[in-house]
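Here is the structure we will look at.
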DNA sequence: TTGAAAGCGCTAACAC
DNA sequence: GTGTTAGCGCTTTCAA
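In structure tokens, the structure reads:
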């Protein structure tokens, strides 16, 4: 039993294929309501659904958009970009064809060729984490880059606003009363995110009138292990210099901070506050206490990119990436600094454990309950 | 500048389109080597790549395989299934078209229609976690199900061998000398995985001649929180009954076990051994100590499913799911039980902390270093 | 060893 | 209001 073709529907309804095509595509109705009815019934009766292949050949529009990614689709990290792109595609009656290159340049070139051969209507080029990317040759004009931006320009792109995110993270700590705030950075040289978040860190400190202490900017490998080692260096600082709040490059490193703190018998957030970055699923919320962190707007970026690629959204500029807000996710890892002599005292108080437990701008943090069972 | 068509290549090479088609498709060469050469050069010169759409219409084979999933593509969990499927597709010159339904039945039905309209050559139906699935109506014959099996039969499928995985996990504990081994199960009623792993648990105990203590089978919500609560119940048991090893339904719950242990000042693995399940990326390995766990063969299942769907692999049976091995990933959360009077003593010894630290069958576990810095 | 030509299933210009 | 028909770009039979 082969699939029904448009001719079969026409025959069943006693009309021409033109008529069938017209009513099924909702063309401006020159067709009588009566005929439309008959056609639709006939189509249902034979279980007709138009061949996208034939239609694509005829119209030269496939309603397929290609998504080339380095790793996002196969890695447990940025999958929600795919969800956003997928949803936007579906809402606009498009399908997504996926190629995950694993970062291999040859596979990537092959993917571009394949997408071209498939005559996709648009392509998205996505990275797993925010970076500058050299777009592979042959990417169609109109391609939009996702979570990365074209090193050489020429494409629209969307990235997280890491600078504002870093600033928000540090403000969170400042609002809780901290003044000795460390930035536990990645040692990976590449990430633009590292630099931007650092800028945000500095900006937040400056805004609050807090002097920056270079000793409070440490680096480590991007892992729990690396986070622990860097945290140890921070916690080994003389008491008057030791940070009471740590802003971590990401949640994985924050895990290490938790470990380092626990090994010293330090309670979070009573003795040490920490803010992560990424809001990594199945990690940040599962820590004890749940980690206050900055979320990456993966879903929103995916949706944005798809909508722009489809021309549904008239934004995007080839000369500057679109930056999307990274919201702060307040959980229980931030509290006021422990009651102790602060290095300086020019900030508004709340330096006692009894003080208001949180000065978060617009939401009361559900402060951790420490060791109580 | 429109794309080149086969006619352009033919003209450039001074041959017919037939010839071009023949040489570019490597048909059994009736074409002279000389002509072939000329054609290839012409094709390169004009940057020709055949339209997959036109070819698909003509041959009625699109070289596209559809992948319908409930969540895997957009969730940070089973993405490696996609990687396996993707790789197998690429190796066989196919593209994958993805629809993530988010579990919505309507979207799913729409996805099936869309795949049909696209005339995909095959479809994979994937679930995020091992379960029985009612295949949506209209799935083409030959569809293969991934990480789920058809509740009503009729499709080939591949799932993890959770029974053997559970058995392996418990054996790991037994081999280290434990006899009081708990199964910290999920309270979610659905998962077949829960049941199968429990069977494996019982089988391993039986094999070792260890009586099962019903008090050692506890359930909790599938989260760190749920794991912690269930672990507390276990650790509140009278000392003689209290487990020295806990096999957890998954890594998330194992996180909770770590928390519960730490709050009591128990060291892992010195005072308590734990084995997880899932080998969840960015979680299991980041715990302190790194978690010994059972991995889900996501990549392999994805690859298997794609190869079977493509007919490259002549396996698969519609009446029984293909089960794939879940390998044990040895890390540092399993050690010998603490030196104390065991409830019974009929098992081979190594009941002292000084004894051989690991009796793992084929690999020496890198035992954790406890509190030492 | 090569070429002419017939479609694959659809849409849309153009007739009626 | 409705139908005829010419392609979209390719593969493949058949003839030369």
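Residue numbers (this note's numbering), protein chains in the order written: chain U, 1287 to 1659; chain Y, 1287 to 1659. All C-beta atoms, glycine included, are put in the ideal place defined by N, C-alpha and C.
*asked:* On a Cα-Cα basis, can you pick out the residue from Y:1479, Y:1486, Y:1482, Y:1467 that is closest to residue 1502 of chain Y?
replied: For the residues Y:1479, Y:1486, Y:1482, Y:1467, the minimum Cα distance to residue 1502 of chain Y belongs to Y:1467.
| message | Distance check for residue 1349 of chain Y and residue 1379 of chain Y, CA to CA, integer angstroms please. | response | Those two C-alpha atoms are separated by around 7 Å.
- Residue-chain proximity (residue 1446 of chain U, chain Y), Cβ-Cβ < 8 Å: Taking CB atoms only, residue 1446 of chain U has no neighbour in chain Y less than 8 Å away.
task: Decide if residue 1293 of chain Y is buried, meaning its Cβ has at least 16 other Cβ atoms within 10 Å, or exposed.
output: Answer is exposed; the Cβ neighbour count stays below 16.
### Message
Counting only Cβ pairs nearer than 8 Å, list the residues of chain U close to residue 1509 of chain Y.
### Response
Near residue 1509 of chain Y (Cβ distances below 8 Å), the residues of chain U are 1572.
| query | Unbroken alpha helix (DSSP H) runs of length 4 or more, entirely within the segment 1310-1377 of chain U: which are they? | reply | As far as the segment 1310-1377 of chain U is concerned, its whole alpha helix (DSSP H) runs of at least 4 residues are 1319-1332, 1338-1345, 1365-1377.
Quiz item: Given that a residue counts as buried once 16 or more other Cβ atoms are within 10 Å of its Cβ, and exposed if not, what is residue 1603 of chain U?
Solution: Sixteen is the threshold: since fewer than 16 other Cβ atoms of the shown chains lie within 10 Å of the Cβ of residue 1603 of chain U, the residue is exposed.
For chain Y, is any of its Cβ atoms less than 8 Å away from the one on residue 1383 of chain U?
-> Yes, because at least one Cβ of chain Y sits closer than 8 Å to the Cβ of residue 1383 of chain U.
| Nearest-angstrom beta carbon gap, residue 1563 of chain U and residue 1486 of chain U [assumed within contact, 8 Å] | Rounded, the Cβ-Cβ distance is 10 Å, inconsistent with contact.
task: Have a look at residue 1607 of chain Y and residue 1464 of chain U and give me their C-alpha separation to the nearest angstrom.
output: Taking the straight line from one Cα to the other gives about 57 Å.
Quick check on residue 1412 of chain Y: does DSSP put it in helix, strand or coil?
Correct three-state label for residue 1412 of chain Y: strand.
Checklist entry - Which residues does DSSP pair with residue 1443 of chain Y in a beta bridge? => result Paired residue(s): Y:1431.
| query | Does the Cβ-Cβ distance between residue 1459 of chain Y and residue 1516 of chain Y come in under 8 Å? | reply | Going by C-beta atoms, residue 1459 of chain Y is not nearer than 8 Å to residue 1516 of chain Y.
- Between the C-alpha atoms of residue 1305 of chain U and residue 1296 of chain U, what's the straight-line distance to the nearest angstrom? Straight through space, the alpha carbons of residue 1296 of chain U and residue 1305 of chain U are spaced by roughly 8 Å.
- Task: Count the CB pairs spanning the segment 1518-1534 of chain U and the segment 1583-1599 of chain U that are closer than 8 Å, and state whether there are at least three.
- Result: Counting C-beta pairs with one atom in each stretch, the segment 1518-1534 of chain U and the segment 1583-1599 of chain U have fewer than three that are closer than 8 Å, which means they do not touch.
Q. From residue 1475 of chain Y to residue 1509 of chain Y, what does the alpha carbon distance come to, in whole angstroms?
A. Across the structure, residue 1475 of chain Y and residue 1509 of chain Y are spaced so that their CA atoms are roughly 15 Å apart.
Under 8 Å: do the segment 1389-1409 of chain U and the segment 1419-1432 of chain U share three or more Cβ pairs, one atom per stretch?
With a cut-off of 8 Å, the segment 1419-1432 of chain U and the segment 1389-1409 of chain U count as touching, because enough Cβ pairs lie within range.
Practice prompt. Closer than 7 Å, Cβ to Cβ, to anything on chain U: give me those residues from the segment 1309-1341 of chain Y, in chain order.
Written response: Residues 1335, 1336, 1337, 1338, 1339, 1340.
* Asked: With 16 other CB atoms within 10 Å as the buried threshold, where does residue 1453 of chain Y fall?
  -> When all chains shown are included, residue 1453 of chain Y counts as buried.
Collapsed DSSP secondary structure at residue 1302 of chain Y in the structure displayed: Correct three-state label for residue 1302 of chain Y: coil.
Margin query: Please classify residue 1536 of chain U as buried or exposed, where buried requires at least 16 neighbouring CB atoms within 10 angstroms.
Written below: The residue is buried, with at least 16 neighbouring Cβ atoms inside 10 Å.
- [ ] Mind checking who residue 1419 of chain Y pairs with in its DSSP beta bridge?
- [x] Residue 1419 of chain Y is bridged to Y:1436.
Measure the C-alpha to C-alpha separation of residue 1301 of chain Y and residue 1357 of chain Y and round it to an integer number of angstroms. Residue 1301 of chain Y and residue 1357 of chain Y: Cα-Cα distance of roughly 50 Å.
Are three or more beta carbon pairs between the segment 1371-1386 of chain Y and the segment 1385-1393 of chain U nearer than 8 Å?
Three or more Cβ pairs drawn from the segment 1371-1386 of chain Y and the segment 1385-1393 of chain U lie within less than 8 Å of each other, which places the two stretches in contact.
Considering Cα atoms alone, identify which of Y:1365, Y:1410, Y:1332, Y:1405 is closest to residue 1431 of chain Y. With distances taken between Cα atoms, residue 1431 of chain Y lies closest to Y:1410.
**Item:** Distance between residue 1440 of chain U and residue 1628 of chain U (C-alpha atoms, nearest Å)
**Value:** In this prediction, residue 1628 of chain U has a pLDDT of 45, which is less than 50 and means its spatial position is unreliable; nothing more can be read from the coordinates.
What residues in the segment 1529-1548 of chain U have a beta carbon less than 7 Å from any beta carbon of chain Y? So the list reads 1538, 1541, 1545, 1548, given in the order they occur along the chain.
At least one CB of chain U closer than 8 Å to the CB of residue 1366 of chain Y: is that the case?
-> Yes, because at least one Cβ of chain U sits closer than 8 Å to the Cβ of residue 1366 of chain Y.
| query | With a CB to CB cut of under 7 Å and the five nearest residues on each side skipped, what residues in its chain are close to residue 1303 of chain U? | reply | For residue 1303 of chain U, where only same-chain residues beyond five positions count, the Cβ hits under 7 Å are 1292, 1293, 1296.
message: If you measure between the beta carbons of residue 1299 of chain U and residue 1333 of chain U, is that distance less than 8 Å?
response: No, they are not a contact pair.
Residue 1556 of chain Y at chain U interface by Cβ criterion, 8 Å: No, no contact with chain U.
Review point. If you drop the 5 nearest sequence neighbours on each side, which residues of the same chain put their C-beta closer than 7 Å to that of residue 1317 of chain U?
Key: Around residue 1317 of chain U: 1305, 1308, 1309.
task = Under 8 Å Cβ to Cβ from residue 1324 of chain U, same chain only, skipping five residues before and after it: list those, please.
result = Contacts found: 1299, 1300, 1301.
| task | Would you please verify whether the beta carbon of residue 1410 of chain U is less than 8 Å from any beta carbon of chain Y? | result | Under the Cβ distance rule, residue 1410 of chain U does not count among the residues neighbouring chain Y, no pair being separated by less than 8 Å.
Q) Measuring CA to CA, which of Y:1553, Y:1590, Y:1462, Y:1514 is closest to residue 1623 of chain Y? A) Check the Cα spacing between residue 1623 of chain Y and each of Y:1553, Y:1590, Y:1462, Y:1514: the tightest is with Y:1462.
**Study point:** C-alpha gap between residue 1551 of chain U and residue 1614 of chain U, whole angstroms
**Key:** One C-alpha to the other measures close to 27 Å.
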